[in-house]
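Below is one structure, written out as structure tokens; the observations come after it.
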Amino acid sequence: MSSAAIAADLRIAYTGYSTDNTFWIGVANAASEEAERQGVEFIDMTASSPDAAAQKDAVDRAIDMGVDGIIIGSVDNRAFDSSLDNAATAGIPVVAVDTGIDHSHVASLVQTDNLAAASIAGDYIVGELGGEGTVLILGGSAGHQTGNARRDGVLIAAEAAGHEVIFQICDWQDACAFETTTNFLQSNPDIKAIFSAWDPGALAAVSAADALGKLDDLVIVGFDGNPANLVAISEGEQSATIKQDNTQMGVQSVQNLLNLIKGEEAPALVPIAGILITADNVAEFQ
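Take 1 as the starting number for the sequence shown in full-length UniProt numbering and just add one per residue.
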């Protein structure tokens, strides 16, 4: 799509998960650059930290501003019903990125194929454990579509291989990941692998395991492919991570939204493949 095909005064609003998260910084930067390439004004309304109420308020303000389209990377995908009703009434198309939003007005979702990617992580964990050990999963928030898919991919693979799985909701909070890891490693010596649905949580698990002197005995896998985690993998602390292509996610969400603004169709789902990063290939991504 060339910028000539887009009216010069178009404005699109974007609200992502937060501005203090490496993955989401990448999504926002890619989306902003694509909007600039298309000659469209990009209004980033993302809060500095994850705040569902503030994000809903941002969507409401964007609607009041009369923007031409909205991209949402949701903190809580259940928080937008009335806002999306209003967007539909105003004729403002909405695209979701990373996490699906169950509302008829959300016409397109661009996200990592979380279930398939987490299944890769699960298969890796199973292979590393060699048939023994319990798997601890550090999850996102209750009912969160992305977190549930990441949990399920690992859980299904591990249980199919005969491993006991312990799942704990951590609301994407690193402090919870640290505390949960500490408590379960102290109370359950059978835990041999930890999967965190987000990479900073994996680093928290690394720190907790290291403090207990158990790091060398564990397989620790994260999800996102953040730079700090790649360093931890290269230094032999974290075992693996699943890299999300946040650049492609940002670009595709803008392209889909612009198609909708033009009255054209956009795919209901654009699945972006995940990549397993281990010590064997981490240098390729640093």
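Each residue gets a CB set at the ideal place from its N, CA and C atoms; glycine is no exception.
Nearest to residue i (by Cα), restricted to the options the options
i: D217; options: G133, S108 and A161; result: G133
i: Q38; options: D64, N21, K56 and R11; result: R11
i: C176; options: K243, P200 and D113; result: P200
i: S187; options: Q173, L212 and W172; result: L212
i: S239; options: G274, L258, L269 and N281; result: N281
i: G26; options: A266, G250 and A268; result: G250
i: A142; options: V75, A160, S119 and I194; result: V75
i: L276; options: F285, L269 and A268; result: F285
i: A96; options: E264, I272 and L257; result: L257
i: M65; options: E164, L109 and Y14; result: Y14
Three-state secondary structure (DSSP) of residue i
i: S253; result: helix
i: A240; result: strand
i: V67; result: coil
i: R61; result: helix
i: R11; result: strand
i: S83; result: helix
i: E128; result: helix
i: Q173; result: coil
i: T19; result: coil
i: S196; result: strand
i: G26; result: helix
i: T278; result: strand
i: V154; result: helix
i: L269; result: strand
i: E235; result: coil
Anticipated Cβ contact below 8 Å, residue i with residue j, distance rounded
i: A47; j: S18; result: 6 Å
i: residue 291; j: A35; result: With the chain covering 1 to 286 only, the question about residue 291 has no answer from this structure.
i: S234; j: A279; result: 7 Å
i: N259; j: A266; result: 5 Å
i: residue 301; j: I272; result: In the structure as shown, the chain begins at 1 and stops at 286. Residue 301 is therefore absent and cannot be evaluated.
CB contact flag (residue i, residue j, <9 Å)
i: E41; j: D9; result: yes
i: N77; j: I101; result: yes
i: S196; j: A209; result: no
i: G73; j: G16; result: yes
i: W198; j: G162; result: no
i: A158; j: A193; result: yes
i: I166; j: I125; result: no
i: T99; j: Q244; result: no
i: A62; j: M45; result: yes
Residues of its chain near residue i, where Cβ-Cβ distance is below 7 Å and the 5 sequence neighbours each way are ignored
i: S207; result: F178
i: L115; result: A149, D152 and G153
Same chain only: Cβ atoms within 6 Å of residue i, ignoring 5 sequence neighbours per side
i: G140; result: G147, W172 and A197
i: A88; result: H105
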